[in-house]
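**Student:** First the structure, which I've put down as structure tokens, then a few questions once you've had a look.
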Amino acid sequence: TNEVPNEDALVLQLQLSKSQEKLVEALRGQQEEVRELQRLLGEQQGTLVNQQREILEQQRRMYEQMEQVKAQHKALMDSIKQTSFQNLQGELDSHMETLSGQARAQLAQQALSLHKVDMEASVMEVGRSLLACGSCGSEEYCGFSSGRPRCEKCTICPAGFFLVAQCSVHADRICQDRDECLEINNLCGDQQKCLNTPG
Numbered sequence: 028t029n030e031v032p033n034e035d036a037l038v039l040q041l042q043l044s045k046s047q048e049k050l051v052e053a054l055r056g057q058q059e060e061v062r063e064l065q066r067l068l069g070e071q072q073g074t075l076v077n078q079q080r081e082i083l084e085q086q087r088r089m090y091e092q093m094e095q096v097k098a099q100h101k102a103l104m105d106s107i108k109q110t111s112f113q114n115l116q117g118e119l120d121s122h123m124e125t126l127s128g129q130a131r132a133q134l135a136q137q138a139l140s141l142h143k144v145d146m147e148a149s150v151m152e153v154g155r156s157l158l159a160c161g162s163c164g165s166e167e168y169c170g171f172s173s174g175r176p177r178c179e180k181c182t183i184c185p186a187g188f189f190l191v192a193q194c195s196v197h198a199d200r201i202c203q204d205r206d207e208c209l210e211i212n213n214l215c216g217d218q219q220k221c222l223n224t225p226g
């Protein structure tokens with residue numbers, strides 16, 4: 028026999044149906060938030076790639092300037108060899124030391140800016156003699172914190188941070204702070220504002 032649902036059962040069924048609708052709406056809202064977060068992450072990655080290209084272009088210019096300085100130094104040295112004036116040679120040597128020191132300082136500063144940026148090995152080949160660290164370990168990269176190239180330990184992403192770029196031969200690991208306020212819904216009460224802190 029077919030039983031006719033009583034009034035309580037119908038009310039319960041209606042409440043369950045409304046609860047399901049609310050749940051579906053909440054899930055849709057969360058999907059929109061996830062899509063927005065993915066879009067923002069894509070924009071940040073695009074910005075990072077553009078900055079990386081700019082730094083690589085600046086490094087290429089620095090190498091070109093260094094080659095020009097070397098060529099000027101060679102030309103001046105050839106000129107000095109053709110003269111017999113020792114004082115003039117001393118002044119020119121001093122001048123070239125100043126120029127070479129400035130170029131080395133600029134190159135070191137540019138190399139330091141590459142500390143957190145991953146780059147292709149083909150670009151590093153341009154300055155193979157200037158940036159050579161030798162053979163670094165699996166958890167090491169060629170760094171310039173001491174002013175000249177040497178193998179340094181890769182950073183380990185601490186708790187509360189997520190990995191943006193892996194450690195490579197030429198650049199340290201890049202870690203970014205995780206924003207729990209965006210990732211965890213209702214982390215704070217209704218009357219409170221969620222403020223993300225590092226970690």
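So our numbering is basically just the index in the sequence shown, starting at one, shifted up by 27. Even for Gly, the Cβ is constructed at its ideal location relative to N, Cα and C.
1) How many Å lie between Cys-184 and Gly-73 at the Cα?
2) Would Cys-178 pass as a contact of Cys-169 if the rule is Cβ separation under 8 Å?
3) Grouping DSSP H, G and I as helix and E and B as strand, with all else coil, what is Glu-167?
4) Give the DSSP-derived three-state secondary structure of Glu-39 in the structure shown.
5) For Gln-71, count neighbouring Cβ atoms within 10 angstroms of its own Cβ and tell me buried if that reaches 16, exposed if not.
6) Using three-state DSSP, classify Asp-204 as helix, strand or coil.
7) Provide the residue(s) that pair with Cys-178 in DSSP beta bridges, ordered along the chain.
8) What three-state label does DSSP hand Ala-186 in the structure shown?
9) Enumerate in chain order the residues of its own chain whose CB-to-CB distance from Leu-41 is below 7 Å, with the five nearest sequence positions on each side excluded.
10) List the whole-angstrom C-beta distance separating Gly-128 from Ala-186, where the pair is believed to meet the contact cut-off of C-beta under 8 Å.
11) Who are Ala-192's beta bridge partners in DSSP?
12) By a C-beta neighbour count over all protein chains shown, 10 Å radius and 16 as the cutoff for buried, is Met-104 buried or exposed?
13) Answer with buried or exposed for Cys-194, where buried requires no fewer than 16 other C-beta atoms within 10 angstroms of its C-beta.
14) Counting C-beta neighbours from all protein chains within 10 Å, is the total for Phe-189 16 or more, i.e. buried, or is it exposed?
15) For a test of the three-state rule: what should DSSP assign to Gln-218, helix, strand or coil?
**Tutor:** A quick look at the data gives this:
1) Along the sequence shown, one-based indexing puts residue 184 at 157. Along the sequence shown, one-based indexing puts residue 73 at 46. The alpha-carbon atoms of Cys-184 and Gly-73 are separated by roughly 22 Å.
2) Position 151 of the sequence shown, counted from the first residue, corresponds to residue 178. Position 142 of the sequence shown, counted from the first residue, corresponds to residue 169. Cβ atoms of Cys-178 and Cys-169: closer than 8 Å.
3) Working through the sequence shown from its first residue, we reach residue 167 at position 140. In this structure, Glu-167 counts as strand in the three-state DSSP scheme.
4) Residue 39 sits at position 12 when you count from the first residue of the sequence shown. Per the sequence presented here, residue 39 reads as Leu, with Glu not at that position. Helix at Leu-39.
5) Within the sequence shown, numbered from 1, the residue matching residue 71 stands at position 44. Gln-71 is exposed by the Cβ-count criterion.
6) Against the sequence shown, residue 204 aligns to sequence position 177. Correct three-state label for Asp-204: strand.
7) On the sequence shown, position 151 is the one that residue 178 refers to. Bridge partners of Cys-178: Cys-169.
8) Locating residue 186 in the sequence shown gives position 159, counting from the first residue. Ala-186 falls in the coil class under three-state DSSP.
9) Taking the first residue of the sequence shown as position 1, residue 41 is located at position 14. Around Leu-41: no qualifying Cβ.
10) Here the question's residue 128 lines up with position 101 in the sequence shown. Here the question's residue 186 lines up with position 159 in the sequence shown. Not confirmed; about 43 Å, so no contact.
11) For the purposes of this step, residue 192 is taken as the residue at position 165 of the sequence shown. Residue pairing from DSSP places Ala-192 in a beta bridge opposite Ile-201.
12) Along the sequence shown, one-based indexing puts residue 104 at 77. In the assembly as shown, Met-104 is an exposed residue. Its beta-carbon has fewer than 16 other beta-carbons within 10 Å.
13) Position 167 of the sequence shown, counting from 1, holds the residue named residue 194. The residue is buried, with at least 16 neighbouring Cβ atoms inside 10 Å.
14) If you number the sequence shown from 1, residue 189 lands on position 162. Taking every protein chain shown into account, the CB of Phe-189 has fewer than 16 other CB atoms within 10 angstroms, so this residue is exposed.
15) Translated into the one-based positions of the sequence shown, residue 218 becomes position 191. Collapsing the DSSP output to three states places Gln-218 in coil.
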